Each structure stands twice: as structure tokens, then as C-alpha cells.
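For the sequence shown, my numbering assigns the number 23 to the initial residue and increments by one for each residue that follows.
Note that CB positions come from ideal geometry on N, CA and C, so glycine has one too.
Computed from a prediction, not measured in an experiment: that's the story for all the values here.
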Amino acid sequence: MEEYMRLGCGGLLIAGGLFLLIGVLAGDSLQEQSLMTNLVMSVLFILAPIAGGGLMIRNHFKRKHFSLKAKEADLYQRRERHILRLAQEHKGRLSIPEIAVSSSMTTNEAETIMEELARKGYADIQVTDSGAIIYEFYGMADRESLEER
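Structure (C-alpha cells):
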């Protein structure tokens, strides 16, 4: 609610500044006063509200953007932890379909996270004789399968 108040106030400041600008341009008040007075009045009552309103609106969208990024990062971390728990349950060996079935992730989302974990060196990609891709986490893998290597 507060963020929409800022957005509304920003819009009102811009509208007020533009209204005053139109009034000054339409009237003859510029000729009655000195150049310095006109400049100060224009900055105070026209440019400042327009700039302030613009900043309020920009900050509204910037804050919303950062909030969305933080939510995406949190979701990614939760999904990564879920995959690591699944790997622990499956003795360190997981396939993409196993992840998708055991979670709310799509196969594309699971594959993206698994590729990132493999890139970081937490998992290794193995291809079975039947062509299935298995991700193996060495820290959680069955000790017997590690000793066979």
C-alpha cells in the first residue's frame, strides 16, 4: 500500500509541476519580474516537483525490481537445497526426471540448477549404458561406487 502511495504522490508532483509550468507559460507573469526571480521560482515550483515526482516513480519501480530479484534468488536457493536433500536420499545419484517428480520444478528448471551445480564442481554428469543422464554428488555418493573408480 505504501509503495502505491509513493507512486501516486510522484504522479501528483509531476502533474502539479506541469500545471504550474503551463500557467507560467500561458500568463504574462514572466515579464513583470526580474530574470533571477523567474529562475528561482521556476526551479522551486516547477522543476523541483517534476524532478521529485520522477524520482519517486523511478524508486517505486526500482524497489519493485530489486524485490523481485530477491524473491527469485530465494526461490533458487530453496530449490537447490531441495535437490541436495534429494541427492542425499538417493545416495548421491539423481536424474532430472527424479527431481521433477519429487518437487514442483519443471525438468527445465531442474536441469538449469543441476548444470549450475555441475559447473561449480558439486556434481558430476554421468551417462548410463542406456543413455540416461545421471548427476552424481561425490560427497553423498555410495562409498562403494567411489572406490570402484
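Taking residue i and residue j to be in contact with their CB atoms under 8 Å, please state how far apart those CB atoms are, rounded to whole angstroms.
i           : j           : result
residue 30  : residue 71  : Incorrect: roughly 14 Å between the Cβ atoms, too far for contact.
residue 195 : residue 109 : Since the first residue shown for the chain is 23 and the last is 171, residue 195 is missing from the structure and cannot be characterised.
residue 136 : residue 156 : In fact, because the Cβ distance is near 10 Å, the residues do not count as touching under 8 Å.
residue 33  : residue 79  : 7 Å
Got a sec? Which residues, its chain only, sit under 6 Å from residue i by beta carbon, not counting five neighbours each side?
i          : result
residue 40 : none
residue 35 : 71, 74, 75
residue 57 : none
When the cut-off is 7 Å and only beta carbons count, does residue i lie next to chain D?
i          : result
residue 42 : Annotation note: the requested chain D is absent from the structure, which comprises a single protein chain.
By alpha-carbon positions, which one of the options ends up nearest to residue i?
i           : options            : result
residue 82  : 153, 24, 154, 156  : 24
residue 43  : 142, 64, 140       : 64
residue 126 : 113, 152, 149, 101 : 101
residue 138 : 149, 159, 77       : 159
residue 161 : 27, 111, 32, 59    : 111
residue 144 : 93, 103, 91        : 103
For residue i, which residues of its own chain have a beta-carbon under 7 Å away from its beta-carbon, when the five flanking residues on both sides are left out?
i           : result
residue 154 : 117
residue 128 : 122
Practice task
Could you tell me which uninterrupted beta strand (DSSP E) segments, each at least 3 residues in length, are contained entirely in the stretch 123–163, listed from first to last along the chain?
Solution key: 146–149, 155–158
Handout entry: Continuous alpha helix (DSSP H) assignments of at least 4 residues falling wholly in the stretch 51–131
Key = 51–54, 57–64, 70–111, 118–124
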